[in-house]
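Protein sequence lines correspond, in order, to chains Z and L.
Residue 308 is where the first sequence ends in the numbering used here, and the numbering goes up by one at each step.
Residue 1231 is where the second sequence ends in the numbering used here, and the numbering goes up by one at each step.
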Amino acid sequence: MLNSLSYGLLLFMLSSGLTLIFSMMGVLNFAHASFYMLGAYFAYQTSTYLGFWPALIVAPAAVAFLGALTERYGLRTVHKFGHVAELLFTFGLAYIIEEFVHLLWGRAPVEYRIPPILDFSAFSIYTTQYPAYRVFMMLVSVAMLAALYLALTRTRIGLIIQASLTHPDMVEALGHNVPRVFMTVFAGGAALAGLAGVIGGNAFVTEPGMAASVGTIVFVVVVFGGMGSLAGAFVASLIIGAVQTFSVAFDYSLASILTGMGVQLDPESAWYELWKVTIAQAAPVLPYVLMVLMLIVRPKGLMGTREG
Amino acid sequence: MLEVKDLHAYYGKSHILHGVHLSVRQGEIVSLLGRNGVGRSTTIKAIMGQVQSSGSVQFKGEELMGKKAYMVARKGLGYVPENRDIFPSLTVRQNLLLGQKGRKESGRWSMEDMFNIFPRLRERAEAPAGVMSGGEQQMLTLCRTLMGDPDLVMIDEPTEGLAPKIVDQVANLFDEISKRGISILLVEQKLTIALRISQRVYVMGHGQIVFEGSPDDLRANEAVRKEWLEV
Ligand SMILES: Nc1ncnc2c1ncn2[C@@H]1O[C@H](COP(=O)(O)OP(=O)(O)O)[C@@H](O)[C@H]1O
Ligand SMILES: [Mg+2]
């Protein structure tokens, strides 16, 4: 339960930034998960010199800075060539970041560890142990998201951002520097991804493949929740987080369930192999199955407003 | 105050404005008239720097051509678009706040002024702007732009689709704006309020100015009205 919640919130830290950037610029940023990976690697590097706590601040700040540069000197230049060019740009950027990580830190996972002070079991329910670090991850995510919510709804810049999501030209005609707002949102989204990397990198593994594996899941979350809907991304993050966490522990197959209900399956029947696949074995594909089902039933996603 | 010379504008490959000339003096109300699709909105957008254009746009002696829209707005040009681009999920008060260019009220208009001119906005201050009627949204768009304390406002078809009673209210606001020394460039299709409140009028046809004169000149000139205005 706690694992699922902390993972779901982590997914939301990633999908919220992606969603904001998408609503504003109309571009799905393929490099978003690369910012997550950079957050983890930067945190690893910082923590070898300064320890974990400074890394919690330094790494997201460094990623935010890279995000700002990406928007200012990359996307803004490519923008005039249209959305396809922008999409390809973020795609290319994701590869560049991955190669860069290979060069600097190698292909094997790095030793980015949970700080010893948080490396104990906070409490246990029945036989399940709940690691303190999961509780910490949750606190960080909740605090960050609450801060984000307040900033968006209570501050002047937050209102300008909200208005720019739907009416950038009008906001600019009122005298607000909308290009700078775009850069701020991009940097903010990157910082959120970076922070997710800092607290996720040591809970899971920090390796060059982490961007790709998390990236596809975040993509699923955003499509499932409805492109451009923050509320949708929130619900979808929790659902996908739960599906991924619980299904791996679910050691039943359809065959065993059917047998339990008194149905005898003939081992010679054509689909027997399929029935025998356990839900745990199927876990990695479940999110994609959910996404495909959602696209069939409700193409705009859980709470999406855009068509197509 | 505003001097537009040889203005050309383009949407991609289509050439919409073919050398527009017009001017607005300090404190003056000027109307830009014409049928649908002749390029009146495009003229305003080109002045604001929101469409690709060439030529010269001088405001208070300074060249604006090539400047970004937010810079143009900060020079003191206000723009009220025809499609009532309110921010629907924000409240009426928040919409007005975003009209201000900085954190503080500093110009000729306060939020209180707006509420006094349109009491309806005070009643709906905390409601999401998107639930208001078309007329109320039109008032809000106007007031929001005024909150930015412009020296000249360009207003695109403000009376389109409004009930006659609200049209009168809007016309009164124009008087109030003008009294405070602000110039108005008004885009209209119908002649009713335009002829009543303007000092000068321009008529546009096919991306060019085809007539320039006083409201009385236009009333007297049946040929121009027949060819370029009446449907
Ligand atoms: N965004 C656009 N893209 C392409 N063409 C446009 C666009 N907006 C307007 N036009 C064309 O430009 C011409 C002038 O339009 P507009 O300035 O809106 O006229 P008006 O405001 O006088 O009704 C019309 O022929 C219209 O079809
Ligand atoms: Mg128009």
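Quick reminder that beta carbons are idealized off the backbone N, C-alpha and C, glycines included.
Predicted model only: the values in this text are computed from it and were never measured.
Counting of Cβ neighbours within 10 angstroms places L/W1109 among the buried residues, the total reaching 16 or more. L/H1015 sits in a strand when the DSSP states are folded into three classes. Using a CB distance below 8 angstroms, the part of the stretch 165-182 of chain Z facing chain L consists of T166, H167, D169, M170, V171, E172, A173, L174, G175, H176, N177, V178 and P179, ordered along the chain.
If you draw a straight line from the Cα of Z/G51 to the Cα of Z/A33, it comes to about 24 angstroms. With its beta carbon less than 9 angstroms from one in chain Z, L/S1089 belongs to the interface.
In the DSSP secondary-structure assignment, Z/L75 is not bridged to any residue. Per DSSP, Z/A122 is one residue of the beta strand (DSSP E) stretching across S121 to I125. With respect to chain Z, the C-beta atom of L/Y1011 has no partner C-beta closer than 9 angstroms. Annotated three-state conformation of L/P1128 is strand, per DSSP. Counting the other Cβ atoms within 10 Å of the Cβ of Z/E172 gives 16 or more, which makes it buried. Judged by beta-carbon spacing, L/G1207 lies within the 9 angstroms limit of L/H1015, meaning their Cβ atoms are closer than that value. Here Z/F219 has no same chain residue with a Cβ atom under 6 angstroms from its own Cβ, once five neighbours each way along the sequence are excluded. At a threshold of 8 angstroms, L/N1036 counts as near ligand 2, since its beta carbon sits closer than that to one of the ligand's heavy atoms. Distance from the CA atom of L/P1158 to the CA atom of Z/G301, rounded to whole angstroms, is 37 angstroms. In this chain, L/V1231 is not harboured by any alpha helix (DSSP H), its DSSP state being neither H nor E. Between the stretch 28-43 of chain Z and the stretch 93-110 of chain Z, the count of C-beta pairs closer than 8 angstroms reaches three or more; the two stretches touch.
Per DSSP, reduced to three states, the secondary structure at L/R1200 is strand.
Under a 10 Å Cβ-count criterion, Z/M13 is classified as buried, with 16 or more other Cβ atoms of the shown protein chains found around its own Cβ. In this structure, the beta-carbon distance from Z/T46 to Z/V110 does not fall below 9 angstroms. The alpha-carbon of L/S1089 is positioned some 47 angstroms away from that of Z/S253.
Nearest C-alpha to Z/V58 among Z/V185, Z/G194, Z/I239 and Z/V214: Z/G194.
The C-beta of Z/Q129 has fewer than 16 other C-beta atoms within 10 Å across all chains shown, which makes the residue exposed.
The DSSP-derived three-state label of L/Y1079 is strand. Residue pairing by DSSP places L/L1007 opposite L/V1020 in a beta bridge. Rounded to the nearest whole angstrom, the CA to CA distance from L/E1105 to Z/L88 is 44 angstroms. According to the DSSP secondary-structure assignment, L/M1154 is paired through a beta bridge with L/Y1079 and L/L1185.
Under the 9 angstroms criterion on CB atoms, L/Q1138 is classed as non-interfacial with respect to chain Z.
Among the residues of the stretch 146-166 of chain Z, those with a Cβ less than 8 angstroms away from any Cβ of chain L are R156, L159, I160, Q162, A163 and T166, in the order of the chain. Ranked by how close their Cα comes to the Cα of Z/A94, the residues Z/T70, Z/V263 and Z/P179 have Z/T70 in first place.
The continuous beta strand (DSSP E) containing L/E1212 extends over residues Q1208 to G1213. Approximately 12 angstroms separates the beta-carbon atoms of L/S1178 and L/R1025; this is outside 8 angstroms, ruling out the contact. Linking L/W1228 to L/N1221 through their CA atoms gives a straight-line distance of about 11 angstroms.
Assignment of beta-bridge partners to Z/L302 by DSSP yields no partner. Note on geometry: alpha-carbon atoms of L/E1063 and L/S1056 lie some 7 angstroms from one another.
When Cβ pairs closer than 8 angstroms are counted between the two stretches, the stretch 1116-1126 of chain L is seen not to touch the stretch 1068-1079 of chain L, the count staying below three. Sequence-ordered contacts of the stretch 1097-1113 of chain L with chain Z read L1097, L1098, G1099, K1101 and R1103 [C-beta pairs closer than 8 angstroms].
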